[in-house]
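Numbering (the working numbering), first residue to last: 436 to 544.
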């Protein structure tokens with residue numbers, strides 16, 4: 436299955452279920468894979484603003500920002516994501532984001 440086919444299927448499913456976090460997250464990943472950064476970031480940000488926030492979106496969007504050399508934005512997202520993960524009791528996600536944050540060190544400063 437090609438990336439565009441997955442994207443097209445996700446877009447079609449989202450027309451039926453526009454609030455489905457799993458579909459939105461999947462589509463954000465497809466946009467990221469296609470280099471459609473702005474669209475991916477917009478979907479990730481929307482997921483982060485959901486109640487409760489979609490914790491994996493913080494990590495994936497921060498990874499995207501690191502690849503784009505947007506280190507300050509990545510750090511801010513990771514800090515917010517760690518807090519969101521802790522509020523949910525998701526130690527695994529908090530740990531992954533903490534590791535990425537630590538790995539950034541003084542990068543971009």
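Even for Gly, the Cβ is constructed at its ideal location relative to N, Cα and C.
| query | Would you say residue 402 and residue 481 are within 8 Å of each other, going by their C-beta atoms? | reply | Missing from the structure shown is residue 402; the chain here goes from 436 to 544 and no further.
| query | Are residue 467 and residue 475 touching if we call contact CB-CB under 8 Å? | reply | yes
| residue 527: buried (16+ other C-beta within 10 angstroms of its C-beta) or exposed? | exposed
| field | Minimum C-alpha distance to residue 492 - residue among 444, 469, 477, 534 | value | 477
| Between residue 539 and residue 519, is the Cβ-Cβ spacing less than 8 Å? | no
| Which residue spans inside the segment 477 to 532 form an unbroken alpha helix (DSSP H) run of at least 4? | 490 to 502, 506 to 523
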